[in-house]
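I have placed the structure first, in the form of structure tokens, so that the comments after it can refer back to it.
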Amino acid sequence: ILNVEQSPQSLHVQEGDSTNFTCSFPSSNFYALHWYRWETAKSPEALFVMTLNGDEKKKGRISATLNTKEGYSYLYIKGSQPEDSATYLCASQDNYGQNFVFGPGTRLSVLP
Amino acid sequence: NAGVMQNPRHLVRRRGQEARLRCSPMKGHSHVYWYRQLPEEGLKFMVYLQKENIIDESGMPKERFSAEFPKEGPSILRIQQVVRGDSAAYFCASSPQTGQPQHFGDGTRLSIL
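Chains as they are written, first to last, in the working numbering: chain A, 268 to 379; chain B, 77 to 189.
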């Protein structure tokens, strides 16, 4: 059974600040790492899927990196905006492509 | 292209009744995942299905819970003889194949009286 951790649990930043948070996962039997953005009262929205060690993905002001050898991924948000306020979830998938485990999330609040 | 459709959005049941939650995946998606979010907790994987097959049900409680994804029609998550502890939000997600981003439905909020 995978154990996926995320830190910090919550984060408050000022508008315009850049921020980052961490997802750690077991590196053995790794298949893919997913990042999702989950706004209150909505459903999770896929941001990135990463599979290769050293992968770096970018979508607008949000980017993510992946280190499969040590079992961590960083999500970066450049120039945070109030609309970035959400819970950011990572989920790790093992190499059977089946077991899909979410971390507890990082709750980001961007203050105007 | 419609997204993942879940219904009902809200479902109220009395203890001992059956709850049926439906999920229609996105067009072209043959992989369906069910998750449960208990109050004050995160998303927990329940079951992963492809058409007519259960691939991984390691997150499903051993009793009272079952899931299917028939050749025709939506995926169904069935909870028999519901208890108060079944009150939760149940999310369905679909993907075209494993390892691809999952697209989530809006969830079904199940309340047990």
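No residue lacks a Cβ here, since even glycine has one placed at the ideal position from N, Cα and C. Because the structure is a prediction, the values reported are computed rather than measured.
Burial check for residue 318 of chain A: the Cβ neighbour count within 10 Å stays below 16, so the residue is exposed. In the three-state DSSP reduction, residue 374 of chain A falls in the strand class (E or B). Around the CB of residue 101 of chain B, 16 or more other CB atoms lie within 10 Å, so the residue is classed as buried. One Cα belongs to residue 347 of chain A, the other to residue 377 of chain A, and the distance between them is close to 7 Å. Under a criterion of Cβ atoms nearer than 8 Å, the residues of chain B adjacent to residue 318 of chain A are, in order, 175. The shortest C-alpha to C-alpha distance from residue 295 of chain A to any of A:326, A:327, A:271 and A:309 is the one to A:271. A Cβ-Cβ distance of about 11 Å is found for the pair residue 180 of chain B and residue 108 of chain B, leaving them out of contact under the 8 Å criterion.
Using a Cβ-Cβ cut-off of 7 Å, residue 298 of chain A is close to 175 of chain B, given in chain order.
The beta carbon of residue 310 of chain A falls within 8 Å of a beta carbon belonging to chain B, placing the residue at that interface.
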